[in-house]
Amino acid sequence: MNSIPHGGYHWDGLHQPFFEGWYYRITLPDPASFAFMYSIQQPGGGSAQVYGPGESYFCRSFPDVNTFWAWSDACGLGHTDTVNFRTLLNPSQFFREVNQGYQATGSFNQGQLKHPNGDVVARWQYDIKPIQTWGHQQATAGWLSYLPLYDPGWQVLLAHGLASGWIQWQGKTYEFDQAPAYAEKNWGQSFPSQWFWLQANAFANHPDLSLTAAGGVRQILAWQEPAGLIGIHYQNQFYEFAPWTEARLAWEVLPWGAWSMTGIVKNYRAEIKAHCPHPPAKILVPTVQGMIPTCWDTLQGVLMLRLYDQDTLILSATTKQAGLEVGGVPWSMAWSHSDSLGIPEDQICITETL
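Structure follows, in structure tokens:
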């Protein structure tokens with residue numbers, strides 16, 4: 007992932023407040039999926055969050071920004087509880103000499119977090135074989151993402167990869183070989199005021215299929231606007247539904263439990279319906295006030311994806327291990343949006359049972 011746009015650390019060393027966050031996901035046999043979330047805020051400090059099976063969760067803060075390091079030209083970062091190690095370490099040296107912390111690159115993720123009483127809560131080490139980045143190694147938010155217009159920035163680092171290694175979590179060890187892996191990042195001043203997100207790359211009978219979709223109210227200079235995106239990698243093709251591809255997008259998302267999204271571009275149409283029958287986990291996200299729990303998440307969502315070429319169905323896939331999320335200022339009713347360009351209302355209705 008060294009040549010991926012926006013792979014390196016963005017902070018210029020001057021402007022504050024600023025955050026950058028990284029998200030690594032591993033999908034293991036149901037229901038054992040994990041997400042590792044790393045963040046750094048200038049000047050607030052850093053954190054590492056681990057989200058595991060059964061909505062289990064643990065967070066460890068690293069308040070000293072001087073013990074954080076990151077590469078500026080590629081994906082590489084780490085944060086420990088000591089200033090002695092501000093570089094990528096050999097894996098065995100890391101576990102031998104680092105009490106708590108993490109280190110990650112585009113092809114590797116390792117860390118160890120402890121309870122305040124000293125007991126190890128999480129320990130992990132795995133290699134990542136990248137299969138698909140984003141499109142043809144392009145910026146997820148288009149070429150305008152290189153200009154200081156949008157807040158926050160967003161880049162899918164790894165739409166699909168294969169991970170091999172192990173995770174120790176709350177007394178249990180999970181070993182895996184070539185498990186589906188995913189990674190992305192955000193940076194800027196704060197997360198959007200309102201957003202939703204869907205991600206899956208573990209579909210039955212479709213080992214090369216990966217989906218990332220999102221919608222939100224993003225900051226553009228002094229104003230805000232709703233924007234969405236659907237990206238599908240399937241059989242060596244990339245189907246991109248986004249404003250810069252002149253796609254028409256519509257969605258309807260409940261405060262929690264149901265998501266529906268439709269995208270049309272040229273002669274292709276994508277339809278996504280997802281639901282989660284159980285309560286979410288609450289995740290911390292960066293804001294200008296610091297890390298605040300305004301994100302609700304699951305790694306066990308049920309998601310159905312259909313892709314059409316004109317009226318011909320070319321893909322129908324379902325997974326019970328989708329990442330589903332809502333965040334920001336909570337909404338009390340269904341959040342509906344349409345580009346008003348001819349998407350039939352029945353194609354974005356959330357009432358269909360999967």
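Numbered per my numbering, the sequence shown finishes at 360, counting up by one with no gaps. Glycine included, every Cβ here is placed at the ideal spot set by N, Cα and C.
Can you give me the start and stop residues for the beta strand (DSSP E) that residue i sits inside?
{"i": "residue 224", "result": "216 to 226"}
{"i": "residue 186", "result": "178 to 194"}
{"i": "residue 303", "result": "296 to 315"}
{"i": "residue 272", "result": "It is not in any beta strand (DSSP E) - residue 272 carries neither H nor E in the DSSP assignment."}
{"i": "residue 133", "result": "126 to 138"}
{"i": "residue 162", "result": "159 to 175"}
{"i": "residue 254", "result": "254 to 259"}
{"i": "residue 337", "result": "Residue 337 -> no beta strand (DSSP E), and no H or E assigned at all."}
{"i": "residue 246", "result": "243 to 247"}
{"i": "residue 57", "result": "51 to 57"}
{"i": "residue 83", "result": "82 to 86"}
{"i": "residue 118", "result": "114 to 120"}
{"i": "residue 291", "result": "287 to 293"}
{"i": "residue 65", "result": "63 to 68"}
{"i": "residue 46", "result": "39 to 48"}
{"i": "residue 13", "result": "Unbroken run through residue 13: none, as it is neither H nor E."}
Assign residue i to one of two classes, buried (16 or more other C-beta atoms within 10 Å of its C-beta) or exposed (fewer than that).
{"i": "residue 66", "result": "buried"}
{"i": "residue 234", "result": "buried"}
{"i": "residue 359", "result": "With a pLDDT of 43 at residue 359, under the threshold of 50, the modelled position of this residue cannot be trusted; read the value that follows with caution. Burial call: exposed."}
{"i": "residue 337", "result": "exposed"}
{"i": "residue 135", "result": "exposed"}
{"i": "residue 124", "result": "exposed"}
{"i": "residue 224", "result": "buried"}
{"i": "residue 19", "result": "exposed"}
{"i": "residue 250", "result": "exposed"}
{"i": "residue 104", "result": "buried"}
At the level of alpha carbons, what is the spacing between residue i and residue j?
{"i": "residue 113", "j": "residue 243", "result": "23 Å"}
{"i": "residue 203", "j": "residue 87", "result": "32 Å"}
{"i": "residue 284", "j": "residue 206", "result": "18 Å"}
{"i": "residue 265", "j": "residue 315", "result": "23 Å"}
{"i": "residue 137", "j": "residue 339", "result": "39 Å"}
{"i": "residue 295", "j": "residue 279", "result": "34 Å"}
{"i": "residue 277", "j": "residue 144", "result": "23 Å"}
{"i": "residue 345", "j": "residue 312", "result": "20 Å"}
{"i": "residue 362", "j": "residue 147", "result": "There is simply no residue 362 to check, as the chain begins at 7 and stops at 360 in what is shown."}
{"i": "residue 83", "j": "residue 325", "result": "31 Å"}
{"i": "residue 246", "j": "residue 286", "result": "29 Å"}
{"i": "residue 180", "j": "residue 267", "result": "34 Å"}
{"i": "residue 187", "j": "residue 327", "result": "12 Å"}
{"i": "residue 22", "j": "residue 30", "result": "25 Å"}
{"i": "residue 341", "j": "residue 290", "result": "22 Å"}
{"i": "residue 241", "j": "residue 275", "result": "17 Å"}
{"i": "residue 107", "j": "residue 306", "result": "27 Å"}
{"i": "residue 282", "j": "residue 263", "result": "5 Å"}
{"i": "residue 214", "j": "residue 221", "result": "24 Å"}
{"i": "residue 320", "j": "residue 96", "result": "46 Å"}
Could you check how far apart the C-beta atoms of residue i and residue j are, in whole angstroms? I think they sit under 8 Å.
{"i": "residue 210", "j": "residue 236", "result": "Not a contact, Cβ separation roughly 21 Å."}
{"i": "residue 255", "j": "residue 238", "result": "With a Cβ gap of about 13 Å, residue 255 and residue 238 do not count as contacting."}
{"i": "residue 140", "j": "residue 192", "result": "About 14 Å separates the two Cβ atoms, so there is no contact after all."}
{"i": "residue 163", "j": "residue 10", "result": "6 Å"}
{"i": "residue 27", "j": "residue 292", "result": "6 Å"}
{"i": "residue 41", "j": "residue 85", "result": "Not a contact, Cβ separation roughly 17 Å."}
Could you give the residue range of the alpha helix (DSSP H) that holds residue i?
{"i": "residue 97", "result": "97 to 103"}
Quiz prompt | Segment contact flag, the stretch 165 to 174 with the stretch 44 to 52, C-beta cutoff 8 Å, min 3 pairs | solution = no
Quiz item: Between the stretch 24 to 42 and the stretch 55 to 66, are three or more C-beta pairs nearer than 8 Å?
Solution: yes
Quiz item: Three or more beta-carbon pairs under 8 Å between the stretch 300 to 317 and the stretch 329 to 341, yes or no?
Solution: yes
Self-check item: the stretch 108 to 125 / the stretch 225 to 235 touching (three or more Cβ pairs under 8 Å)
Solution: no
Practice problem: Evaluate contact between the stretch 124 to 138 and the stretch 171 to 184, counting only Cβ atoms and requiring at least three cross-stretch pairs below 8 Å. | Solution: yes
Quiz item: Per the contact definition of three or more C-beta pairs closer than 8 Å, is the stretch 70 to 78 in contact with the stretch 9 to 23?
Solution: yes
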